Amino acid sequence: MRTTPPTRRAVHLMPMSKGGDLQRKLGDLLERAVTLATGRNRPPDLGTVLLGEAERCVVEGPAGPTIPNVFVVAAGEIPEPSERAAIERRLEDHIVEAAVYLGRRFDGPIDVRLAPGGRRPEIETAFAVGDLPAWAVLTAADDDEPVTVHHNRAVIGRSKDGDVIVNRDGVSRKHALLWREAGRVWIADLQSANGTYVNGDPVYDVVEVRRSDLILFGNAGFVFGMA
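In structure tokens, the structure reads:
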């Protein structure tokens, strides 16, 4: 896995000495992930701090806004290993949910690590490339093998540097962008030579995509589905 140099910043966190209290906070945190993602004021807890760091470090990549996916929290006291692992997983799920809701891209799995540190907690963030699970499937109209979509804000086209490779006549190197945001799926044409269509209608700006919709990249047709 390829990782960029980490960015470190000292932050103010809620006390982490009581693992049970932190777990209860995180349980509530997951239930209100969407509310937190929209930026409403809430008491500072670890989840909101990590989301804030992700947004502070967002960069504008080729596919749009991209957040770091590695978060190392160094604090004076941390829970026992089994409890720590459970907390890390729940935080990772929370960040994924919130990032997708915001329409952000991350280039590898979200990885949260709690580590020993000084009296003043610090967070390191980094961008790392890694494998992601599929979230969407494009099934060719001519019964070819389905194409899976793994990245949020996925660039689709003939380029080998793209996220989803569609090597068909009439498909541009960078043809279209597909992503999740605000609980929906969207597609945009990337100024392709032969256009992008959803159910026969041209995509001029941004169009919502639903299950079983027919997407044409030029003349290459695919039925959209969720993985």
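Residues are numbered in the numbering used here as their position in the sequence shown, beginning at 1, plus a constant of 3. All C-beta atoms, glycine included, are put in the ideal place defined by N, C-alpha and C. For clarity, every value in this text was computed on a predicted model and none was experimentally measured.
query	result
How would you call LEU217, buried or exposed, if buried means at least 16 neighbouring beta carbons within 10 angstroms?	exposed
Based on the DSSP secondary-structure assignment, which residues constitute the bridge partners of PHE227?	LEU141
Specify the secondary structure class of ASP96 as computed by DSSP and reduced to three states.	helix
Can you give the Cα-Cα distance for PHE225 and LEU53, rounded to whole angstroms?	37 angstroms
Pull the bridge partners of VAL201 from the DSSP assignment, please.	ASP204, ILE218
Return the residue from the list ARG123, GLY160, SER175 that minimises the CA-CA distance to ILE168.	GLY160
Which class does ARG161 belong to by DSSP, given the choice of helix, strand or coil?	coil
Round the Cβ separation of ARG183 and VAL132 to the nearest angstrom and send it over; I've been treating them as touching at under 8 angstroms.	Contact flag wrong, Cβ pair sits at about 20 angstroms.
What is the DSSP secondary structure of ARG122, counted as helix, strand or coil?	coil
Relative to the C-alpha of GLU80, which residue among VAL188, PRO119, ALA139 is closest?	PRO119
Using the three-state DSSP reduction, which class does LEU180 fall into: helix, strand or coil?	strand
Going by Cα to Cα distance, which pick from SER85, GLU83, VAL76, THR69 is closest to VAL99?	THR69
Just grab the DSSP bridge partners of VAL103 for me.	Paired residue(s): none; VAL103 is not in a bridge.
In terms of residue numbering, what span does the beta strand (DSSP E) encompassing ALA78 cover?	73-78
Sort ALA223, ALA77, PHE109 by Cα distance to PRO124 and report the nearest one.	ALA77
If you follow the alpha helix (DSSP H) that GLU58 is part of, which residue opens it and which one closes it?	49-59
Can you tell me which of the three DSSP states PRO112 falls into?	coil
Look up ALA191 in the DSSP assignment and say whether it is helix, strand or coil.	strand
Could you check which residue in LEU105, THR128, PHE109, ARG122 has the C-alpha nearest to that of ARG116?	THR128
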